[in-house]
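Line by line, the protein sequences are chains A and B.
Quick note on our numbering: the first sequence kicks off at 1 and runs consecutively.
Quick note on our numbering: the second sequence kicks off at 1001 and runs consecutively.
Even for Gly, the Cβ is constructed at its ideal location relative to N, Cα and C.
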Amino acid sequence: MGTHAIEVKDVRFSYYKTLILEDVSFTLEHGDFLGIIGPNGGGKTTLLKLLLGMLKPDRGVIKILGEPPHDARHRVGYVPQNIDFNISFPISVMEIALMGRLHRSRIGRWYSRKDRLKAEGVLKRVGMWDYGHMPIGKLSGGQRQRVFIARALATDPEILFLDEPTASVDPEFEINLYDFLRELNKKVTIVVITHDIGAISRDVKSMACVNRRLVFHGEGKITDEMVNMAYQCPVDLIAHGMPHRVLPLHGDK
Amino acid sequence: MWDALQFEFMRNALFAGVLVSISCGIIGTLVVVNRIVFISGGIAHAAYGGIGLALFTGFPPTLGAALFAVAVSMIMGAVSLKSKHRADTIIGVLWAVGMAFGIILIDLTPGYNVDLMSYLFGSILAVPKTDILFMIPLDIVILLITVFLYKEFIAMSYDEEFAFVVGIPVRLLYLVLLCMTALSVVMIIRVVGLILVIALLTIPPYIAEKYTGSLGEMMVLSVFLGILFTLTGLWLSYNYDFTSGATIIMVAGVAFFISQAADMIKGLAPRNN
């Protein structure tokens, strides 16, 4: 393909003079499955928003599929962190899945038959087609999460971003979700933010830890060091401001 | 009521009530789900500045109010997009200053003693035919824009971030919504006055939201509730000689409390699984 899935070079971002991210650089290849971990307030969601083009870096370059994030928007899918918003909004499961078919070039036209078939397909894929006419507010957290995944898939993404996908779902669904993502990963590059390291470590191919700076581990399989990093990284970065310096010392858990 | 229809002012009032309810139901729904009730109130009050400016310069007041309201809504929209953390304060300032500006300009207008009360509380019984001729195209434009951009409005209202991520120009869409809100608000001022605009804009959608499953249904039900409230209010105010705008709002308010009470009773009732 020639291009990388994601290319981030020397990115720095601050919000109202507070430095959130600095010296962030990494490259992700097509077909990768990246887990991003890090402490709360460490900049995980900010990094995701930069990758999605919702925020612009102060400095540095971000390329998504070889394009600036703004131009690659229609080629990526996004599952938001908070799925509990607007619970009383009068909207059906089908209407939410259809949102994935929105496109700048189709503004002003109603959804086509093709769009509806696509939405039906992705809802079937996540097992939510039977709930198509239900209002979103009547569903459980796990069911809602599936609908949001379906919506992201309806965009036919080349990269799928998920922000804390297991934050508000039951443990059983969590296992299903990672099985589902592993299967999906055969075709789609996946980036998932989580603080739930246990579940993620089995499935990810690469891992990054974000706490103002970013440490990227691109190994194909999960090493002990990576699992250690997953658990240690937040603590160590907060305590010492320098990644992994004390990892060996704290390794005796 | 029926014999009252022989009077032209009564027929105009009926027309105005229905026409305003149409835009009110559509725009009110979008205002409620996008949580821009405060901006709508700000636009309504600041629009008085436009009325003052129009009277001072000899411009038709409704047109003056409409242009001024659109300008103010664009400023408020820009403020709420740029400086989110203090947007409500700035909107509050524009709200008050716009109104004060209008009152001073009317003070400065020689020989013109405007009836402030009719703008504060509306005067549906005194709606001239020219205003109705202004309302019809406005309703059509609002209806067309809403149908045309329906799926984009749903996306923006439900999940602005996702809409942005898939490439919908949400900021532009937001400004279009504010612009339509400004124009509707100017129409609503004729019926219930600028103080009561928020109530007529928000009560019908708030009730409708509970009984509908989509934004479109919510809009349609809001339109019918709006017509019911305005016409019932109009009938009461004609028969008992109440201030029309306040009566319409009281009818809407009673419906609001009834629907709230019905909810509470439903919540208290034992659930049979």
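query	result
Which runs of the alpha helix (DSSP H) spanning at least 4 residues fall entirely within the stretch 40–117 of chain A, listed in chain order?	44–51 and 93–99
To the nearest angstrom, report how far apart B/Gly1028 and B/Gly1167 are at their CA atoms.	26 Å
Quick check on A/Glu164: buried or exposed, where buried means 16 or more other Cβ atoms within 10 Å of its Cβ?	buried
At least one CB of chain B closer than 8 Å to the CB of A/Arg73: is that the case?	yes
Excluding the 5 residues preceding and the 5 following B/Gly1077 in the sequence, name in chain order all residues of the same chain whose CB lies nearer than 8 Å to its CB.	Ile1039, Tyr1174, Leu1175 and Leu1178
Specify the secondary structure class of A/Lys205 as computed by DSSP and reduced to three states.	coil
Considering only the beta carbon of each residue, do A/Thr166 and A/Leu177 sit closer than 8 Å?	yes
Starting from the Cα of A/Phe33, find the closest Cα among A/Pro68, A/Lys63, A/Ala5 and A/Ile96 and give me that residue.	A/Ala5
Quick one, which of A/Ser105, A/Ala119, A/Gly121 and A/Met94 has its alpha-carbon nearest A/Met134's?	A/Met94
To the nearest angstrom, report how far apart A/Gly241 and A/Arg182 are at their CA atoms.	Reliability fails at A/Gly241, whose pLDDT of 39 lies under 50, so the model's placement of it is uncertain and no value is given.
Could you tell me whether the Cβ of A/Arg104 comes closer than 8 Å to any Cβ of chain B?	yes
Identify, in the order they occur along the chain, each residue of the same chain with its Cβ nearer than 7 Å to the Cβ of B/Leu1138, setting aside the five sequence neighbours on each side.	Ser1023, Leu1183 and Met1187
Can you tell me the Cβ-Cβ gap for B/Val1192 and B/Ile1249, rounded? I've got them flagged as a contact below 8 Å.	6 Å
Does the beta carbon of B/Ser1259 come closer than 8 Å to any beta carbon on chain A?	no
Which residues bound the beta strand (DSSP E) around A/Tyr255?	An answer regarding residue 255 of chain A cannot be provided, because it is not within the stretch 1 to 253 covered by chain A.
Please determine, among A/Asn211, A/Gly141 and A/Val126, the residue with the shortest C-alpha to C-alpha distance to A/Asp179.	A/Val126
Are the beta-carbon atoms belonging to A/Ser92 and B/Ser1021 less than 8 Å from one another?	no
Under 8 Å between beta-carbons, which chain B residues line up against A/Thr189? List them in chain order, please.	By Cβ distance, chain B contributes nothing, its closest Cβ being about 16 Å from A/Thr189, past 8 Å.
Check the Cβ of B/Thr1212 against every Cβ in chain A and list those closer than 9 Å, keeping chain order.	Pro90
Should B/Asn1034 be labelled buried (16 or more other beta-carbon atoms within 10 Å of its own) or exposed?	buried
Could you check the C-alpha separation between A/Ser140 and A/Phe85 for me, to the nearest Å?	13 Å
Rounded C-beta distance between A/Leu48 and A/Pro69? I'm assuming under 8 Å.	Between A/Pro69 and A/Leu48 the Cβ distance is about 11 Å, and since that is not below 8 Å, they are no contact.
If distances are taken between C-alpha atoms only, which option among B/Leu1201, B/Gly1267 and B/Leu1268 comes closest to B/Gly1253?	B/Leu1201
For A/Ile107, tell me which candidate among B/Leu1014, B/Thr1146, B/Val1197 and B/Pro1204 has the shortest Cα-Cα distance.	B/Thr1146
If we count Cβ pairs, one from each stretch, closer than 8 Å, do we get three or more for the stretch 12–21 of chain A versus the stretch 1114–1127 of chain B?	no
Whose C-alpha, out of B/Ala1096, B/Leu1268, B/Leu1231 and B/Val1141, is nearest the C-alpha of B/Ala1004?	B/Leu1231
For A/Pro135, which residues does DSSP report across the bridge?	A/Ser92
Would you identify the three-state DSSP class for A/Ile159, choosing helix, strand or coil?	strand
Tell me which residues share the same chain as B/Leu1120 and place their Cβ nearer than 8 Å to its Cβ, disregarding the 5 neighbours each side in the sequence.	Gly1193, Leu1194 and Ile1195
Can you confirm whether A/Gly43, when its beta carbon is compared against all beta carbons of chain B, has any partner nearer than 8 Å?	no
How about A/Arg146 and A/Glu22: do their beta carbons lie closer than 8 Å?	no
Quick one, are the C-beta atoms of A/Gly43 and A/Ile20 less than 8 Å apart?	yes
Would you identify the three-state DSSP class for B/Thr1247, choosing helix, strand or coil?	helix
Buried or exposed: where does A/Pro90 fall if 16 or more other Cβ atoms within 10 Å of its Cβ makes it buried?	buried
Suppose you measure from the CA of A/Arg202 to the CA of A/His217; what does that come to, to the nearest Å?	15 Å
Assuming A/His217 is part of the beta strand (DSSP E), what are its boundary residues?	Arg213 to His217
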